[in-house]
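Note sheet for the following structure.
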Amino acid sequence: MLRDKNVVLGVTGSIAAYKAADVASKLTQAGAKVDVILTQSAQQFITPLTFRSLTLRPVYADMYDAGSRLAEQHVFLARSADAIVVAPASATSIARLAQGLSDDLLSLTVLATTSPVLVCPAMDSQMFENAATQQNLQILKQRGMTVVGPGVGRLASGHTGAGRLVETEEIAGALRYVLGRGGDLAGQKVVVSAGGTQEPLDPVRYIGNYSSGKMGYALAEAARDRGADTVLVSTPVAMAMPYGVRRVLVRTAAEMREAIISECRDADALIMAAAVADYEPAAAADEKIKHREGALTVELRPTADILSEASGERLIKVGFAAESSGLLANAQAKLAAKGLHLIVANDITTTDAGFGTDDNRVVILHPNGGQEHLPLMPKYDVAWRILDRVAVLLRERS
Ligand code: CTP
Numbered sequence: 150m151l152r153d154k155n156v157v158l159g160v161t162g163s164i165a166a167y168k169a170a171d172v173a174s175k176l177t178q179a180g181a182k183v184d185v186i187l188t189q190s191a192q193q194f195i196t197p198l199t200f201r202s203l204t205l206r207p208v209y210a211d212m213y214d215a216g217s218r219l220a221e222q223h224v225f226l227a228r229s230a231d232a233i234v235v236a237p238a239s240a241t242s243i244a245r246l247a248q249g250l251s252d253d254l255l256s257l258t259v260l261a262t263t264s265p266v267l268v269c270p271a272m273d274s275q276m277f278e279n280a281a282t283q284q285n286l287q288i289l290k291q292r293g294m295t296v297v298g299p300g301v302g303r304l305a306s307g308h309t310g311a312g313r314l315v316e317t318e319e320i321a322g323a324l325r326y327v328l329g330r331g332g333d334l335a336g337q338k339v340v341v342s343a344g345g346t347q348e349p350l351d352p353v354r355y356i357g358n359y360s361s362g363k364m365g366y367a368l369a370e371a372a373r374d375r376g377a378d379t380v381l382v383s384t385p386v387a388m389a390m391p392y393g394v395r396r397v398l399v400r401t402a403a404e405m406r407e408a409i410i411s412e413c414r415d416a417d418a419l420i421m422a423a424a425v426a427d428y429e430p431a432a433a434a435d436e437k438i439k440h441r442e443g444a445l446t447v448e449l450r451p452t453a454d455i456l457s458e459a460s461g462e463r464l465i466k467v468g469f470a471a472e473s474s475g476l477l478a479n480a481q482a483k484l485a486a487k488g489l490h491l492i493v494a495n496d497i498t499t500t501d502a503g504f505g506t507d508d509n510r511v512v513i514l515h516p517n518g519g520q521e522h523l524p525l526m527p528k529y530d531v532a533w534r535i536l537d538r539v540a541v542l543l544r545e546r547s
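Position 153 (the sequence shown) corresponds to 302 in our numbering; numbering is contiguous.
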């Protein structure tokens, strides 16, 4: 998504400036060409050399440097940028942008660009909460800039409050979100389910499964990166909330069913990556089940099949089939039984793919019997390939 994208990273005078080094590094690792602009005050906190070493590109620190490319064309960075990220954005730099000043290289570049601008505030909570800063941020939002954060937590002043620079992952997610607007899934509502359901046995125990949620989260991120209006119906998993995705947290199969049925009414596609329990305890005990001699028998009853039941006027349905044997035959049977447009089969007996891993090796099956065997690849890439197929189905439908 970020490969070969020209990203201008504007770093301003905030103690969080050191974290911008991580942002520059991660964006560079993701394949972006990162051009860093340091304001005068940022240079009190961190040096151009840090960024030059991380991005392997020139760093712009002086508007009047006759040796720089900007001497020929002072708006060169503004024109070449696919997006501008101001991180950290100090109170002063936010005020400067709100005023529309162009008295330093960063404000000039933001003023001259037509590309998306992300502003990631970082300052003490009292400065952030001040009406002047709030109004300035409001102005930036009204002009179409995306304000990311700040996070809440311990601040350099020792106080706790709003003012922390958000994590690099969130900045990268927001960047992918703004770059993806207008992608091939723009205007489509895509609902993705993720994680394993938890069926309570008593107040402290549940029946669950090993699903990590990684495949579902990768699908939600990829759908967002292609411009979809993305809803992620997820069980509690150890995954960060993807920026720009609406997440509905559920626990049980019954809760997941309710959320999916309601979200699908006006959705264009449903991708069920969640591992949904086929059975739930007939009745969860009100009190913690006590240890006692002999076997314990719990009566289980079947849950509803969400994927079969989900419907919408124009809904494309994609299922997953995690199988330990008879992979293709079982998957094809599920595709037909559940009335799906596609099913994604994966063999859960391999150790390098499937549950909990970062990679997956899948076969995409079509109702006409067509099969696409994909090699082992990161789950995000698998998600991208599935969405390629969904995008074709959506185009055919319209
Ligand atoms: N699924 C669902 N509701 C259920 C069970 C499964 O929506 N109650 C969905 C899963 O999210 C997946 C697909 O159906 O997309 C296939 O799930 P899987 O567990 O492989 O199949 P089952 O139909 O449950 O059959 P079995 O467990 O016998 O293999």
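Quick reminder that beta carbons are idealized off the backbone N, C-alpha and C, glycines included.
Everything numeric in this text was worked out from a predicted model, so none of it was measured.
Q.
Using a Cβ-Cβ cutoff of less than 7 angstroms, which residues in the same chain neighbour Arg463 once the five nearest sequence positions on both sides are dropped?
A. Asp417 and Arg546
TODO: Could you tell me if the beta carbon of Val297 falls within a distance shorter than 8 angstroms of some heavy atom in the ligand CTP?
DONE: False, no ligand heavy atom lies under 8 angstroms from that Cβ.
**Item:** Val172 beta carbon less than 9 angstroms from that of Ala236
**Value:** yes
What would DSSP say about Tyr428, mapped onto helix, strand or coil? strand
Can you tell me which residues form a DSSP beta bridge with Val467? Ile420 and Leu491
query = If you run the structure through DSSP and keep just helix, strand and coil, what is Asn479?
reply = Three-state DSSP puts Asn479 in a helix.
task = Work out the CA separation of Tyr326 and Asn479 for me, nearest whole Å.
result = 36 angstroms
Exercise. Comparing the CB of Asn279 with every heavy atom of the ligand CTP, is any distance shorter than 8 angstroms?
Worked result: no
- Item | Thr401 - partner residues in DSSP beta bridges | BP columns for Thr401 are empty, so no partner.
Exercise for the section: Would you check whether the ligand CTP has a heavy atom nearer than 8 angstroms to the C-beta of Ile455? Expected result: yes
- Could you tell me if the beta carbon of Val340 falls within a distance shorter than 8 angstroms of some heavy atom in the ligand SAM? Inclusion of the ligand SAM in the displayed structure is not the case, the ligand content consisting of the ligand CTP alone.
Leu158 to Pro197 span [Cα, whole Å]: 12 angstroms
Let me know the secondary structure DSSP gives Gln189 once reduced to three states. coil
According to DSSP, simplified to helix, strand and coil, what is Asn155?
strand
Where Val297 and Cys269 are concerned, what is the direct C-alpha to C-alpha distance, given to the nearest angstrom? 5 angstroms
Three-state class that DSSP yields for Met276 in the structure shown: Correct three-state label for Met276: helix.
Original post:
Given that a residue counts as buried once 16 or more other Cβ atoms are within 10 Å of its Cβ, and exposed if not, what is Lys363?
Top reply: buried
- Buried or exposed: where does Gln337 fall if 16 or more other Cβ atoms within 10 Å of its Cβ makes it buried? buried
**OP:** Going by CA-CA distance only, name the one from Asp214, Ala389 and Ala426 that's closest to Met405.
**Re:** Ala426
Q) Comparing the CB of Val425 with every heavy atom of the ligand CTP, is any distance shorter than 8 angstroms? A) yes
To the nearest angstrom, how far is it from the Cα of Leu608 to the Cα of Tyr392?
Not covered by the structure: residue 608. The range shown for the chain is 150 to 547.
- Task: State buried or exposed for His308, treating a residue as buried only when at least 16 other CB atoms are found within 10 Å of its CB.
- Result: exposed
Counting pairs of beta carbons, one from the stretch 522-533 and one from the stretch 498-510, are three or more of them closer than 8 angstroms?
-> yes
- Item | Opposing strand residues paired with Lys182 [DSSP bridges] | Asn155
(request) Check Gln291 in the structure and name its three-state DSSP category. (result) helix
query: How big is the Cα-Cα spacing for Ala230 and Met294?
result: Rounded to the nearest angstrom, the two C-alpha atoms are 15 angstroms apart.
**Item:** Ala471: CB within 8 angstroms of a non-hydrogen atom of the ligand CTP
**Value:** yes
**Asked** Taking the C-alpha atoms as reference points, what is the distance between Met150 and Ala271?
**Response** 26 angstroms
- request: Over the uninterrupted alpha helix (DSSP H) stretch that includes Glu316, give me the two end residues.
  value: No alpha helix (DSSP H) contains Glu316, which DSSP labels as neither H nor E.
Inspect the beta-carbon positions of Ala371 and Leu250 and report whether they are closer than 9 angstroms.
no
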